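*Asks:*
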Amino acid sequence: MNTPLLITMGDAAGVGPEIVAAAFRRGEADGCVVVGDPAVLRRAGAGMVAVIDSPADLAEVPPGCLPVLVPPALPEGLAALPWGRVDARAGAAAAACIEEAVRRVRAGEASALVTAPIHKEALAAAGVPFPGHTEMLQALAADGGELPPVRMMLANEELRVVLVTIHVALRQAIELVTHDAVLRTLRIAHAAAAAWGQRAPRIAVAGLNPHAGEGGLFGREEIEIIAPAIEAARAEGIDAQGPFPPDTVFMRARRGAFDLVVAMTHDHGLIPVKYLGVEHGVNVTLGLPFVRTSPDHGTAFDIAGQGRADPASLVAAIRWARAALAARGG
């Protein structure tokens, strides 16, 4: 029997537990196990919950029960936290769920990881030294102290965008756009596409500056950093093109001119994808030694606990994870 997918419950005060519960109620998370707090999931509408000791116990879970693995050192009283508020206990719980899920996946007990949304302020309040999922997963995947090179990709049916920089201030992000960072992003994007069955992806590279620098009039990063990195990637057999103006390259990719877009900064790349609808977007971490996907929205504190959260993006993340495993032969 194939090993199950693991789903972390996310921030206990956000919509993560609600969308997880909804996905199970609708039968769209069969074959998955949740890593989280049973009481939080019941509060979120999960109904019957079966606590299990290992993903292998999924076969013994009665029909209609949501299978839950409870990580060690989970803070108490999570189900009593107010909805929609930052709380250090929720941040600590979210981190504990991620750590346990990664441990299980890396031990071969589960096939992939799907993460529900966490809140960065809650993580920080709990003393977790990572600004988000991507950085935390990178650290947990390190072997011998060496961090694997990872990148964030946001994808839907119309666009796939890979980022050179992510959760840093914009001023710092500009400094992090280096020749090596762009080249490594192109390598990671190319290898990831091959892993999901696309052997020769056409990769467009968005510039950093307006009009991709306009020949140096609006900045020289395209001339001195980005274009040389593209040439280096092409010398390695990667079909990378650009740099193109960021305000038009996403439209060209959406119309079929390219398979992937590499963007320099977080908002440059994610706004176009999210504008097309968060209900179908998926966040994928490229470069990890396991498959990890997530919804492309956050904790939505403004609607948490109201029964309004839509599980569509979580369901899309589950489907993407399964498709990625199938492409790998897993």
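According to our numbering, the stretch in the sequence shown is residues 338 to 667, in order. For glycine and all other residues, C-beta sits at the position ideal for the given N, C-alpha and C. Computed from a predicted structure; not experimentally measured.
Note the first and the last residue of the continuous alpha helix (DSSP H) segment covering THR522.
*Replies:* 516 to 532 is the extent of the alpha helix (DSSP H) around THR522.
*Asks:* Indicate the three-state DSSP secondary structure (helix, strand or coil) for MET338 in the structure shown.
*Replies:* Note that MET338 scores 45 on pLDDT, short of 50, meaning its location in the model is unreliable; the coordinates nonetheless yield the value given after this. Here MET338 sits in coil by DSSP.
*Asks:* Could you have a look at GLY606 and say whether DSSP puts it in helix, strand or coil?
*Replies:* Helix at GLY606.
*Asks:* What is the residue span of the alpha helix (DSSP H) that PHE361 lies within?
*Replies:* Segment 353 to 362, the alpha helix (DSSP H) holding PHE361.
*Asks:* Could you tell me the alpha carbon to alpha carbon distance between ILE575 and LEU403, rounded to whole angstroms?
*Replies:* Straight-line Cα distance between these residues: approximately 44 Å.
*Asks:* Beta-carbon within less than 6 Å of LEU607's beta-carbon, same chain only, minus the 5 sequence neighbours each way: which residues are those?
*Replies:* Hits under 6 Å: LEU491.
*Asks:* Here's a check: name, in chain order, each residue in its chain whose Cβ is nearer than 6 Å to the Cβ of MET338, leaving out the five neighbours to either side.
*Replies:* In this prediction, MET338 scores a pLDDT of 45, lower than 50, which makes its location untrustworthy; no coordinate-derived value is stated.
*Asks:* Please check the pair VAL352 and THR585, which I expect to be a contact at CB under 8 Å, by giving their CB distance rounded to whole angstroms.
*Replies:* The pair is not a contact, with the Cβ atoms about 34 Å apart (cut-off 8 Å).
*Asks:* May I ask you to report which of helix, strand or coil DSSP gives PHE581?
*Replies:* Note: PHE581 maps to strand in three-state DSSP.
*Asks:* Mind checking whether GLY347 and ARG488 have CB atoms under 9 Å apart?
*Replies:* Cβ distance not < 9 Å, so GLY347 and ARG488 don't count as in contact.
*Asks:* Judging by CA-CA distance, which residue of GLY556, GLY534, PHE595, ASP596 is the nearest neighbour of LEU662?
*Replies:* The option with the nearest alpha carbon to LEU662 is GLY534.
*Asks:* From VAL405 to ASP390, what distance separates their C-alpha atoms?
*Replies:* In a straight line, the C-alpha of VAL405 is about 8 Å away from that of ASP390.
*Asks:* Whole angstroms is fine: what's the gap from GLY373's alpha carbon to GLY593's?
*Replies:* When rounded, the distance between both Cα atoms is 40 Å.
*Asks:* In chain order, which continuous runs of the beta strand (DSSP E) of length 3 or greater are located wholly inside the segment 586 to 666?
*Replies:* Those beta strand (DSSP E) runs which fall completely within the segment 586 to 666 and span 3+ residues are 597 to 600, 619 to 623, 628 to 632.
*Asks:* If we ignore side chains and look at the alpha-carbon of each, how far apart do ALA677 and ALA410 end up?
*Replies:* What is shown of the chain runs 338 to 667, which leaves residue 677 out entirely.
*Asks:* Out of GLY464, ALA543, ALA566, state which residue places its alpha-carbon closest to the alpha-carbon of GLY428.
*Replies:* Selected option, being the one with the closest Cα: GLY464.
*Asks:* Which residue's Cα is closest to the Cα of LEU418: ASP647, VAL407, GLY642, ALA476?
*Replies:* When only C-alpha atoms are compared, the closest one is GLY642.
*Asks:* Going along the chain, which residues of its own chain have a beta-carbon closer than 8 Å to the beta-carbon of ALA664, five neighbours each way excluded?
*Replies:* Cβ neighbours of ALA664 beyond the five flanking positions: ALA532, TRP533, GLY534.
*Asks:* Between the C-alpha atoms of ARG422 and ALA350, what's the straight-line distance to the nearest angstrom?
*Replies:* Whole-angstrom Cα-Cα distance: 6 Å.
*Asks:* If you draw a straight line from the C-alpha of VAL514 to the C-alpha of ALA549, how long is it?
*Replies:* Spanning the two alpha carbons is a distance of roughly 14 Å.
*Asks:* Determine, using beta carbons only, whether ARG629 and LEU450 come nearer to each other than 9 Å.
*Replies:* It is a contact, given that the beta carbons lie within the stated cut-off.
*Asks:* Once the 5 residues before and after GLU446 are set aside, which same chain residues still bring their CB inside 8 Å of it?
*Replies:* So the qualifying residues of the chain are THR340, SER391, PRO392, ALA393.
*Asks:* For the putative contact between VAL599 and LEU523, defined by C-beta atoms under 8 Å, what is the C-beta separation to the nearest angstrom?
*Replies:* That pair is a contact at about 6 Å.
*Asks:* The alpha helix (DSSP H) with PRO404 in it runs from where to where?
*Replies:* Note, PRO404: premise wrong, no alpha helix (DSSP H); beta strand (DSSP E) at 403 to 406.
*Asks:* Kindly indicate which three-state DSSP category ASP672 falls into: helix, strand or coil?
*Replies:* What is shown of the chain runs 338 to 667, which leaves residue 672 out entirely.
*Asks:* If PHE595 sits next to ILE540, beta carbons under 8 Å apart, how far is it from one beta carbon to the other, in whole angstroms?
*Replies:* With 8 Å as the limit, PHE595 and ILE540 qualify as a contact, their Cβ atoms being about 7 Å apart.
*Asks:* Count the C-beta pairs between the segment 426 to 443 and the segment 471 to 478 that are closer than 8 Å, then say yes if the count reaches three, no if not.
*Replies:* Yes: the two stretches touch, three or more of their Cβ pairs being nearer than 8 Å.
*Asks:* CB-CB under 8 Å to GLY614, same chain, minus the five flanking residues each way: which ones, in chain order?
*Replies:* Cβ within range, chain order: ASN493.
*Asks:* Would you say ALA383 and PHE361 are within 9 Å of each other, going by their C-beta atoms?
*Replies:* Against a cut-off of 9 Å, the Cβ pair of PHE361 and ALA383 comes out as a contact.
*Asks:* By DSSP, does LEU343 sit in helix, in strand, or in coil?
*Replies:* It is a strand residue.
*Asks:* Would you kindly work out how many angstroms separate the C-alpha atoms of ALA654 and VAL498, rounded to a whole number?
*Replies:* Each residue's alpha carbon lies about 15 Å from the other.
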